[in-house]
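Undergrad: Take 1 as the starting number for the first sequence in the UniProt record's numbering and just add one per residue.
The beta carbon of each residue, even a glycine, is placed where N, CA and C say it ideally should be.
For clarity, every value in this text was computed on a predicted model and none was experimentally measured.
Below is one structure. I have some questions about it.
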Amino acid sequence: MKQEQSNKLLLIDGHSILNRAFFGLPDLTNAAGQHTNAVYGFLNIMFKIMDTEKPSYLTVAFDEHAPTFRHKMFAEYKGTRKPMADELRQQVPMMKQMLTAMGITVISKEGLEADDLLGTMARLAEDQGMEVTIVSGDRDLLQLATDHTKISIPKTKKTGTEIENYYAADVAERYLVTPTEFIDVKALMGDTADNIPGVPGIGEKTATAIISQYHSIEAAHEAADQLRPPRAAKNIVEFYDQAVMSKELATIEVHADITYDLQAARLTDIFTPEAYALCKEWEFKNLLGRFQIQAPRNVAEDAFSQAEDTQSLTAFAEELAKGQASYIGLYLAWRQRSAKEWEDASLAKDGDGQLSLFTSQKISEDACQEYEIYGIALSDGEKSLWAPMDDISCITQVLEHLIAQGKRLACMNVKEAIKICTPHLQERFLHYENVYDVAVAEYLLQPLKNTYVAEDLASEYLGISVPGYGETFGKRSLAQALEEMPKEFCSYACYEAYICSRVAGMQWESLKEKQMDDLYRDVELPLIFTLADMELEGIVIDAKALEEYGGRLMGRLVELEQKIYDEAGEEFNINSPKQLGLILFEKMGMPGGKKTKTGYSTAADVLENLAPDYPIVADILEYRQLAKLKSTYAEGLSNCIAPDGRIHSSFQQTVTATGRISSTEPNLQNIPIRMELGKLIRKVFHPKDGFVFVDADYSQIELRVLSHMSGDQNLIHAFLQGQDIHRSTASLVFHTAFEDVTELQRRNAKAVNFGIVYGISAFGLSRDLGISKKEAGKYIDDYFLAYPRMKEFLDGLVAEGKEAGEVKTMYGRIRPIPELSSSNFMQRQFGERIAMNSPIQGTAADIIKIAMVHVHDRLQKEGLASRLLLQVHDELLIEAKEEELPVVKKILQEEMEGAAKLVVPLTIDMHTGYTWYDAK
DNA sequence: ATGATCACG
DNA sequence: ACGTACGTGATCATC
Numbered sequence: 001m002k003q004e005q006s007n008k009l010l011l012i013d014g015h016s017i018l019n020r021a022f023f024g025l026p027d028l029t030n031a032a033g034q035h036t037n038a039v040y041g042f043l044n045i046m047f048k049i050m051d052t053e054k055p056s057y058l059t060v061a062f063d064e065h066a067p068t069f070r071h072k073m074f075a076e077y078k079g080t081r082k083p084m085a086d087e088l089r090q091q092v093p094m095m096k097q098m099l100t101a102m103g104i105t106v107i108s109k110e111g112l113e114a115d116d117l118l119g120t121m122a123r124l125a126e127d128q129g130m131e132v133t134i135v136s137g138d139r140d141l142l143q144l145a146t147d148h149t150k151i152s153i154p155k156t157k158k159t160g161t162e163i164e165n166y167y168a169a170d171v172a173e174r175y176l177v178t179p180t181e182f183i184d185v186k187a188l189m190g191d192t193a194d195n196i197p198g199v200p201g202i203g204e205k206t207a208t209a210i211i212s213q214y215h216s217i218e219a220a221h222e223a224a225d226q227l228r229p230p231r232a233a234k235n236i237v238e239f240y241d242q243a244v245m246s247k248e249l250a251t252i253e254v255h256a257d258i259t260y261d262l263q264a265a266r267l268t269d270i271f272t273p274e275a276y277a278l279c280k281e282w283e284f285k286n287l288l289g290r291f292q293i294q295a296p297r298n299v300a301e302d303a304f305s306q307a308e309d310t311q312s313l314t315a316f317a318e319e320l321a322k323g324q325a326s327y328i329g330l331y332l333a334w335r336q337r338s339a340k341e342w343e344d345a346s347l348a349k350d351g352d353g354q355l356s357l358f359t360s361q362k363i364s365e366d367a368c369q370e371y372e373i374y375g376i377a378l379s380d381g382e383k384s385l386w387a388p389m390d391d392i393s394c395i396t397q398v399l400e401h402l403i404a405q406g407k408r409l410a411c412m413n414v415k416e417a418i419k420i421c422t423p424h425l426q427e428r429f430l431h432y433e434n435v436y437d438v439a440v441a442e443y444l445l446q447p448l449k450n451t452y453v454a455e456d457l458a459s460e461y462l463g464i465s466v467p468g469y470g471e472t473f474g475k476r477s478l479a480q481a482l483e484e485m486p487k488e489f490c491s492y493a494c495y496e497a498y499i500c501s502r503v504a505g506m507q508w509e510s511l512k513e514k515q516m517d518d519l520y521r522d523v524e525l526p527l528i529f530t531l532a533d534m535e536l537e538g539i540v541i542d543a544k545a546l547e548e549y550g551g552r553l554m555g556r557l558v559e560l561e562q563k564i565y566d567e568a569g570e571e572f573n574i575n576s577p578k579q580l581g582l583i584l585f586e587k588m589g590m591p592g593g594k595k596t597k598t599g600y601s602t603a604a605d606v607l608e609n610l611a612p613d614y615p616i617v618a619d620i621l622e623y624r625q626l627a628k629l630k631s632t633y634a635e636g637l638s639n640c641i642a643p644d645g646r647i648h649s650s651f652q653q654t655v656t657a658t659g660r661i662s663s664t665e666p667n668l669q670n671i672p673i674r675m676e677l678g679k680l681i682r683k684v685f686h687p688k689d690g691f692v693f694v695d696a697d698y699s700q701i702e703l704r705v706l707s708h709m710s711g712d713q714n715l716i717h718a719f720l721q722g723q724d725i726h727r728s729t730a731s732l733v734f735h736t737a738f739e740d741v742t743e744l745q746r747r748n749a750k751a752v753n754f755g756i757v758y759g760i761s762a763f764g765l766s767r768d769l770g771i772s773k774k775e776a777g778k779y780i781d782d783y784f785l786a787y788p789r790m791k792e793f794l795d796g797l798v799a800e801g802k803e804a805g806e807v808k809t810m811y812g813r814i815r816p817i818p819e820l821s822s823s824n825f826m827q828r829q830f831g832e833r834i835a836m837n838s839p840i841q842g843t844a845a846d847i848i849k850i851a852m853v854h855v856h857d858r859l860q861k862e863g864l865a866s867r868l869l870l871q872v873h874d875e876l877l878i879e880a881k882e883e884e885l886p887v888v889k890k891i892l893q894e895e896m897e898g899a900a901k902l903v904v905p906l907t908i909d910m911h912t913g914y915t916w917y918d919a920k
């Protein structure tokens, strides 16, 4: 950023602004669990002022010891003096680190408050003819305002940050006293937060009135007999010494004994690579745009060579193969066609008879049909190379060659590489041993990150800054980027390969340190292959049946819509919660269950309470249900059917905080089952000809995991006896003989069991059961009496979470919990529930992942045609060849139940059928 | 882009 | 005094 020459000095009251930012912004944390909101807010305020002021000099002043600046900070915070919040304290050194990285002068001095530093520097600078701006959230600084020193006070408002500016004249206008007199006003009225006693009985109004007339405490004292409120007059005399002392305390030092080298505070470019790296690390994505940094040159640009043809690529690859590097970074560029493009392609080809290209058979023969390949980047951790290439066989040739040399391929997305490189019927040349997924490994180390991209890894592991895809290419697709910015594209691809190759080894060491190397090697990495095959396989959908289903919904929806309009007396958008709320609660005057920030809540549980009294509500509920089924499932699924007649959902391995996998485009993990009408959707999921579905789901896996991890004998006993677990809980909690447990008792006990797994809270349980919080609390107490080890275990998890900042599953998967160190009670409470839930949910997730890998590998090893298609958290769906049915069932039973050795047995329920509906 | 709602485990 | 059950993703409306 080019600085205009000016004689402007910007001074920032560091702690004050940091504090402002901290309380003005919601708690932000980065993936590493660091709190960042204050630093982020500070930078925003600083940039905003710099943009308008364009100063040539800048200095930030801090108090020497953070706790000594306690004062005004918490004055606005209910007047109580708490220790500085931990989340804020942590950010003080971070802020200084950022400022230092930006080359900004940071000043602090033992025994001096920031106020005194600011005052002194301002005077020094003004004496040298500078224009000074002091930024602070503290109005006490107004006493420093002159004709050449401006006090800027940022205000965080809804619309953004607004800044109030005060020169001496502005102070006089706003407060009716001069900046110097402002001291006397404060001395009279006092300030508890600052330990300034003031004069009793004199508040802001009286103080201002007195000083604006007499201009100083001394003068007011002399004229005490004329002072207006008699009580003030009396007290000014009686407490005169105290008033004088207060004035001394309130006065900011402007001649402090410091050396301040103005020239050293001259601004150069603050957008340095170091600052950029910090912005990346702390995830200040909005600020990155301010940095002009292009691909940094510290990775030796000239090391990148560009190959135009396959031959030179092969030559380079051979060269790489001879090298010593144990990891070869790999970056495959691909673009998955959208459903729309498939549609267009099919239509276009329809006329000239090439539709067969997109039939199911063709695709299963050569899954690469799905991709457009643009090229490949390779790196050995020193040199990198990008080779444009659209023929997958050239790529596989090179990779096979590298693998034959014993190299390991490290890349950002092994699953896609597998899908691209491994046509179904060919023997797979990518194996567990010769690939390494940098993103999946990073997910284990930092499971809370939103994205796993090379540039973040570069700054974390290598300390270098690389622009992200969007920074260079904006919203361009890969194809557009390659077309319009070939040079940058080359650089980008090369960097990605370079980073993967460099990071892999370091990351592996981190995994070992954190004792997650086994988890990675034995579970997550093999799982990549399992998921790739599941995605390639897809699941057959009966498109016609799906359309009929949608049609049926449509018919009823039209009826309901009209009925609702009639009942409401007008037409409106039933899908709009806002409009619906107005109709129900204002126009029709229903008793307002008020909720949500934006207005009335119209959520199902609210409407259900109204349904018995208002027929329209029942219709709306039915309408909602049908609309959901139609848009999300009937239409949503239909849009995802590939030309092969199947749906190829994506399974995400780096998304959830607990270690579960998730499913997208479409989500096949939330297909309706609870309501019969929704469950019917499952009839459109078919096995292919000659195959049959086998669906196996774990029975109570989370409670079994809990019984194992807690070691509670009562829970273990129930599982060992094969008892109905909710009935058993009811029996123990309600002191009822097992056989005499009522349905209601069982239902309540079931809710309690859920509560335990979720991280119990009386409120949550009471809401779920529709009972009072007190009753719910009693249930919980009784539960812990019945299961003595359970409280100990759950408290232990919370303690562990607080101690280590993270909790672990049985297999060592970690879940950081920054919420536990929050000063916000609710946040902390949330953290405690996470600490209780994550090890349980996560261990169950680990176990089914192990089962998936084992099932997948056995199907493969035993040469079966049956395939694993879906995972739904505690359930696996297999498409089994009919002849293989017995062996498939055996495999499922053995591998799912044998996936973990717990003190209680793991059991599954299994069903077969010719639709997913029938297999449940 | 965000919030509300609702589908699943 | 506060205001909550844990984990996801898709859709629609609204900003």
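#1: Comparing C-alpha positions only, which one of Met412, Gly569, Phe22 and Lys514 sits nearest to Glu496?
#2: Given a threshold of 16 other Cβ atoms within 10 Å of its Cβ, counted over all protein chains shown, does Ser576 qualify as buried or as exposed?
#3: Under DSSP, the beta strand (DSSP E) around Phe860 begins and ends at which residues?
#4: Can you tell me the Cβ-Cβ gap for Gly812 and Leu820, rounded? I've got them flagged as a contact below 8 Å.
#5: Just verifying my parser: in three-state terms, what is the DSSP assignment at Cys394?
#6: May I have a chain-ordered list of the beta strand (DSSP E) segments no shorter than 3 residues that lie completely inside the stretch 653-678?
#7: Here's the rule I'm using: 16 or more other beta-carbon atoms within 10 Å means buried, otherwise exposed. How should Ala303 be labelled?
#8: What does a CB cutoff of less than 7 Å around residue 977 pick up in its chain, not counting 5 residues either side in sequence?
#9: Please list the terminal residues of the continuous beta strand (DSSP E) segment that includes Ala693.
#10: Measure the alpha-carbon distance for residue 921 versus Ala504 and round it to whole angstroms.
#11: Starting from the Cα of Asp241, find the closest Cα among His221, Leu525 and Ile252 and give me that residue.
#12: Pick from Gln507, Gly24, Lys48 and Ser501: whose alpha carbon is nearest that of Ile12?
#13: Could you tell me how far apart the beta carbons of Ala243 and Val199 are, in whole angstroms, since I believe they sit closer than 8 Å?
#14: Just tell me which of Asp697, Lys773 and Pro816 has its CA closest to the CA of Gln893.
#15: Figure out for me which residue from Asp184, Pro886, Val135 and Thr149 has the closest Cα to the Cα of Glu162.
#16: Going straight from the alpha carbon of Lys78 to that of Pro154, what length do you get?
#17: Is Ala21 closer than 7 Å to Gly41 when the C-beta atoms are compared?
#18: Any idea what DSSP makes of Ala611, helix, strand or coil?
#19: Measure the alpha-carbon distance for Pro197 versus Glu218 and round it to whole angstroms.
#20: Please identify the residue among Glu513, Val684, Leu877 and Gln90 whose C-alpha is closest to the C-alpha of Ala441.
#21: Which whole-angstrom value is the C-beta distance of Thr907 and Ser699, which I expect to be below 8 Å?
#22: May I have a chain-ordered list of the beta strand (DSSP E) segments no shorter than 3 residues that lie completely inside the stretch 586-637?
#23: With a CB to CB cut of under 8 Å and the five nearest residues on each side skipped, what residues in its chain are close to Glu471?
#24: Threshold first: 3 residues or longer. Then list the beta strand (DSSP E) segments lying entirely within the stretch 398-480, N to C.
#25: Ignore the nearest five residues each way along the sequence and tell me which others in Ala85's own chain have a CB closer than 6 Å to its CB.
#26: Classify Pro591 as buried or exposed, calling it buried when 16 or more other Cβ atoms lie within 10 Å of its own Cβ.
#27: For the alpha helix (DSSP H) that Lys683 lies in, which residues bound it at each end?
#28: Going straight from the alpha carbon of Cys640 to that of Asn609, what length do you get?
#29: Does the stretch 588-602 come within contact of the stretch 531-547, defined as at least 3 CB pairs closer than 8 Å?
#30: Between which two residues does the beta strand (DSSP E) containing Ser766 stretch?
#31: Please state if the CB of Tyr623 and the CB of Leu582 are separated by a distance shorter than 7 Å.
#32: Beta-carbon within less than 7 Å of Ala125's beta-carbon, same chain only, minus the 5 sequence neighbours each way: which residues are those?
#33: Tell me the rounded alpha-carbon separation between Tyr276 and Ala265.
#34: Taking DSSP as the reference, what is the three-state secondary structure of Thr907?
#35: Assuming Gln507 is part of the beta strand (DSSP E), what are its boundary residues?
#36: To which residues does DSSP link Thr736 through a beta bridge?
TA: Taking the structure as given:
#1: What you label residue 496 is simply residue 496 of the first sequence in a count that begins at 1. If we check each option's Cα against that of Glu496, Met412 comes out closest.
#2: Counting from 1 along the first sequence, the entry for residue 576 is found at position 576. Classification for Ser576: exposed.
#3: Within the first sequence, numbered from 1, the residue matching residue 860 stands at position 860. The residue you asked about is not Phe; residue 860 is Gln in the sequence shown. Here Gln860 belongs to no beta strand (DSSP E); instead the alpha helix (DSSP H) covers Phe825 to Lys861.
#4: One-based indexing of the first sequence puts residue 812 at position 812. One-based indexing of the first sequence puts residue 820 at position 820. In fact, because the Cβ distance is near 20 Å, the residues do not count as touching under 8 Å.
#5: In the first sequence, the residue the question calls residue 394 occupies position 394. It is helical.
#6: 662-664
#7: Within the first sequence, numbered from 1, the residue matching residue 303 stands at position 303. Here Ala303 scores only 36 on pLDDT, less than 50, and its place in the model is too uncertain to base an answer on.
#8: Here the chain has residues from 1 to 920 only, and residue 977 is not among them.
#9: On the first sequence, position 693 is the one that residue 693 refers to. It is Phe, not Ala, that sits at residue 693 in the sequence shown. First-last of the beta strand (DSSP E) with Phe693: Phe691 to Tyr698.
#10: Beyond the ends of the chain as shown, which are 1 and 920, falls residue 921; an answer cannot be given.
#11: The residue labelled residue 241 in the question sits at position 241 within the first sequence. Checked all of His221, Leu525 and Ile252; the closest Cα to Asp241 is His221.
#12: If you number the first sequence from 1, residue 12 lands on position 12. Answer by Cα proximity: Lys48.
#13: The residue you call residue 243 lines up with position 243 of the first sequence. The residue you call residue 199 lines up with position 199 of the first sequence. Between Val199 and Ala243 the Cβ distance is about 5 Å, and since that is below 8 Å, they are a contact.
#14: Walking along the first sequence from the start, residue 893 turns up at place 893. For the residues Asp697, Lys773 and Pro816, the minimum Cα distance to Gln893 belongs to Asp697.
#15: Start at 1 with the first residue of the first sequence, and residue 162 comes out as number 162. Per the Cα distances, Val135.
#16: Locating residue 78 in the first sequence gives position 78, where the first residue counts as 1. Locating residue 154 in the first sequence gives position 154, where the first residue counts as 1. With a pLDDT of 29 at Lys78, under the threshold of 50, the predicted position of this residue should be treated as unreliable, and no value is reported.
#17: What you label residue 41 is simply residue 41 of the first sequence in a count that begins at 1. What you label residue 21 is simply residue 21 of the first sequence in a count that begins at 1. Against a cut-off of 7 Å, the Cβ pair of Ala21 and Gly41 comes out as a contact.
#18: To locate residue 611, count along the first sequence from 1; it is residue 611. The answer is coil: DSSP assigns Ala611 none of H, G, I, E or B.
#19: As a first step, residue 197 must be located in the first sequence, where it is residue number 197. As a first step, residue 218 must be located in the first sequence, where it is residue number 218. Distance between the alpha carbons of Pro197 and Glu218: 17 Å.
#20: Against the first sequence, residue 441 aligns to sequence position 441. Cα-wise, what sits closest to Ala441 is Glu513.
#21: For the purposes of this step, residue 907 is identified with residue 907 of the first sequence, where counting begins at 1. For the purposes of this step, residue 699 is identified with residue 699 of the first sequence, where counting begins at 1. Rounded, the Cβ-Cβ distance is 5 Å, consistent with contact.
#22: none
#23: As a working mapping, residue 471 is identified with position 471 in the first sequence. Contacts found: Leu288 and Gly289.
#24: 408-411 and 435-437
#25: Locating residue 85 in the first sequence gives position 85, counting from the first residue. Closer than 6 Å at Cβ, skipping near neighbours: Ser823.
#26: Taking the first residue of the first sequence as 1, we reach residue 591 at position 591. With fewer than 16 Cβ atoms within 10 Å of its Cβ, Pro591 is classed as exposed.
#27: Here residue 683 corresponds to residue number 683 of the first sequence, with the count starting at 1. Lys683 -> no alpha helix (DSSP H), and no H or E assigned at all.
#28: For this step, residue 640 is matched to residue 640 along the first sequence. For this step, residue 609 is matched to residue 609 along the first sequence. Spanning the two alpha carbons is a distance of roughly 37 Å.
#29: no
#30: Position 766 of the first sequence, counting from 1, holds the residue named residue 766. Counting along the chain, Ser766 falls outside any beta strand (DSSP E), though it belongs to the alpha helix (DSSP H) covering Ala762 to Leu769.
#31: The residue labelled residue 582 in the question sits at position 582 within the first sequence. The residue labelled residue 623 in the question sits at position 623 within the first sequence. Their beta carbons are not under 7 Å apart, which means Leu582 does not touch Tyr623 by this criterion.
#32: Stepping through the first sequence from its first residue, residue 125 is reached at position 125. Cβ neighbours of Ala125 beyond the five flanking positions: Leu9, Val132 and Leu262.
#33: Counting from one through the first sequence, the residue named residue 276 turns up at place 276. Counting from one through the first sequence, the residue named residue 265 turns up at place 265. Using only the alpha carbons, I get a separation of about 21 Å.
#34: Taking the first sequence and counting its residues from 1, one reaches residue 907 at position 907. Here Thr907 sits in coil by DSSP.
#35: Numbered from its first residue, the first sequence carries residue 507 at position 507. Per DSSP, Gln507 belongs to no beta strand (DSSP E); it is in the alpha helix (DSSP H), Pro486 to Glu513.
#36: For the purposes of this step, residue 736 is identified with residue 736 of the first sequence, where counting begins at 1. Paired residue(s): none; Thr736 is not in a bridge.
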